[in-house]
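In what follows, a single structure is set out as structure tokens and then discussed.
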Amino acid sequence: MEATMDHQSKKHPPGLYLLFLTEMWERFSYYGMRAILILYLTKSLVSGGLGMKESTALMLYGFFTGAVYFTPLIGGYLSDRFLGQRLAVTIGGITMACGNLVLFAHQSFTAVYIGLGLLIIGNGFFKPNISTIVGELYGPKDKRRDAAFTIFYMGINTGAFFAPLVIGAITDKWFAVQANGVVEYGYKYGFLASAIGMVIGQVLFNALGNRFLGDIGKKPVGKPKVSTSGTVEKQTMTKVEKNRTAVIFILATFVVFFWAGFEQAGGALSIYTDKFIDRTIFGWEIPTSWFQSVNPLFIIILAPLVSMLWVKLSNSKRGDLAVPTKMGLGMIMLGLGFIVLLFAIMQTGSDETNITVKANILFIIFTYFFHTIGELFLSPVGLSFVSKYAPVKFSSLLMAVWMASSFVANIIAGQLGAFTESMGYFEVFSVIGVSVIVLGLILLSLSKKLVKMLGDDEKENMEEQVAKAN
100 MEATMDHQSK KHPPGLYLLF LTEMWERFSY YGMRAILILY LTKSLVSGGL GMKESTALML
160 YGFFTGAVYF TPLIGGYLSD RFLGQRLAVT IGGITMACGN LVLFAHQSFT AVYIGLGLLI
220 IGNGFFKPNI STIVGELYGP KDKRRDAAFT IFYMGINTGA FFAPLVIGAI TDKWFAVQAN
280 GVVEYGYKYG FLASAIGMVI GQVLFNALGN RFLGDIGKKP VGKPKVSTSG TVEKQTMTKV
340 EKNRTAVIFI LATFVVFFWA GFEQAGGALS IYTDKFIDRT IFGWEIPTSW FQSVNPLFII
400 ILAPLVSMLW VKLSNSKRGD LAVPTKMGLG MIMLGLGFIV LLFAIMQTGS DETNITVKAN
460 ILFIIFTYFF HTIGELFLSP VGLSFVSKYA PVKFSSLLMA VWMASSFVAN IIAGQLGAFT
520 ESMGYFEVFS VIGVSVIVLG LILLSLSKKL VKMLGDDEKE NMEEQVAKAN
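Last residue of the sequence shown? That's 569 in our numbering, and every number before it is there in order.
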């Protein structure tokens, strides 16, 4: 694209940091809401919750966290064909703010369904488009791309880190009311804070967008061309583009299983932490929602190191690791995190009515540590990969397809989490851990084949450019 910033200077364009801040506030809104959602659904009415059965709440949670990754298919299509990425981001942000305001305004199952519905729709417009805009700041051969997405990913996790701390303090401390030994948590004020965070991000994005992004993302890039005779030209892909699209779909299939395990964090892992982990330090009990900040804290600490690793490898003689290799290693790391947690479950068991001992807090911390390394090896690299190899005319749509893998994953995650109530944590978490390790090894074995399908050699690239010019 003409608007693409293709210079190869060491510094990243300032637009990256605007997108960093926009995504940071959107993730503050999302992860703040997510940190208290399962607790809000399952706590009793007198405690400020809705009193929903755990298995039902986990399935609803899984559907919600999955659906927010399905609607980007629609939002990506509409932005590519009609809206442009910048307008879609704004529509999404406003809609999500309204969703949180509904959750704040009324505490009922009806308000939950309406509020979550608005969040699902808004995320569909927001999520695929802001990631695509990041990719358009860099040329296709810019070595800074993976590092840029890792920096952008820090924005995601900076918001995700602060959100549970702030929202947890609001719900469990500042707005909690205690009467007759019963604590009524201030969950509705947590949803209000999430709405405010979303509004802040949108104000920044729209006030500073023209200055730091120029015309990037303003026009729909996939709008069909109309010939001089008035007929709509058919959009086709070259052989190289078809192969690259196929690789995106193949990797997305593997990613489903990664996120199905990773998304236990807000569901089954949160409930296990609430009931079976000793959260008391120096006589003070850590709010359960605060553990949602452990993963993003590790991201903030480790992301710069991983970013430097990718840059160093890309400048070495052997070159950077292939994307499928990075992702395979990420899946193995996720599996190791669950293996660590199995040792805690051996001590505590899964029967909440007969807890004789609680597990040391370090077990859950090390679980999140391994999950974070796995995430850094897979998620930002995947975003960078799709932004680089997706055909321009289908860029937002294919970014949405990539994110749709999380839709399937979160539905599976909700079902798996619900099984912990009947089967037990050890059985469910061991199946997840072993499965993702095996799939990670399979992906490593397919890495060379997938890289070959990308067609990165000069001849195929030249053929592709000629085809596009014609």
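By construction, the Cβ of each residue, glycine as well, lies at the ideal position given by its N, Cα and C atoms.
In the DSSP assignment, GLN277 falls within the unbroken beta strand (DSSP E) covering 276-278. Just measuring C-alpha positions, the residue of LEU545, GLY165, ARG310, ALA364 sitting nearest GLU474 is ALA364. Membership of VAL282 in the beta strand (DSSP E) is indicated by the continuous run 281-283.
For TYR288, the enclosing alpha helix (DSSP H) has its first and last residue at 286-312. As DSSP reads the structure, GLU384 sits in a beta bridge with THR379. Pairing PHE348 with LEU291 gives a Cβ-Cβ distance that is not under 8 Å. With respect to PHE356, ILE463 sits apart: the two C-beta atoms are not nearer than 8 Å. In this structure ALA246 is in contact with TRP409, their Cβ atoms being roughly 6 Å apart against a cut-off of 8 Å.
Cβ contact annotation for GLY429 (same chain, cutoff 6 Å, sequence separation greater than five): GLY473, PHE476, LEU477, in chain order. Here DSSP, grouped into helix, strand and coil, assigns ALA421 to coil. Listed as beta-bridge partners of ALA458 by DSSP are ILE376. Per the Cβ contact rule, the segment 523-537 is in contact with the segment 435-452 (3 or more Cβ pairs under 8 Å). Scanning its chain for C-beta atoms nearer than 6 Å, with the 5 sequence neighbours on each side dropped, one finds around LEU218 the residues MET195, GLY198, in chain order. Collapsing the DSSP output to three states places ASN453 in coil. The straight-line gap separating the alpha-carbon atoms of TYR488 and THR519 is approximately 39 Å.
Take the alpha-carbon of LEU538 and the one of LEU545: they are about 11 Å apart. In this structure, DSSP gives SER483 a helical state, which the three-state scheme calls helix. CA-CA distance, GLY165 to GLY289, rounds to 22 Å.
Rounded to the nearest angstrom, the gap between the Cα atoms of VAL456 and ALA134 is 25 Å. When secondary structure is reduced to three states using DSSP, VAL320 falls in the coil class, being assigned neither helix nor strand.
Going by DSSP, ILE269 is part of no alpha helix (DSSP H) at all; its letter is neither H nor E. The segment 390-443 is shown to contain whole alpha helix (DSSP H) runs of 4 or more residues at 393-413, in chain order. Distances from the CA of LYS547 to each of ALA421, ASN459, HIS470, ILE444 were compared; the closest alpha carbon is that of ALA421. A Cβ-Cβ contact shorter than 8 Å links GLY427 with LEU543. Exclusion of the five residues before and after SER449 leaves GLY523, TYR524 as the residues of its chain whose Cβ lies within less than 6 Å of its Cβ.
One Cα belongs to VAL201, the other to LEU264, and the distance between them is close to 22 Å.
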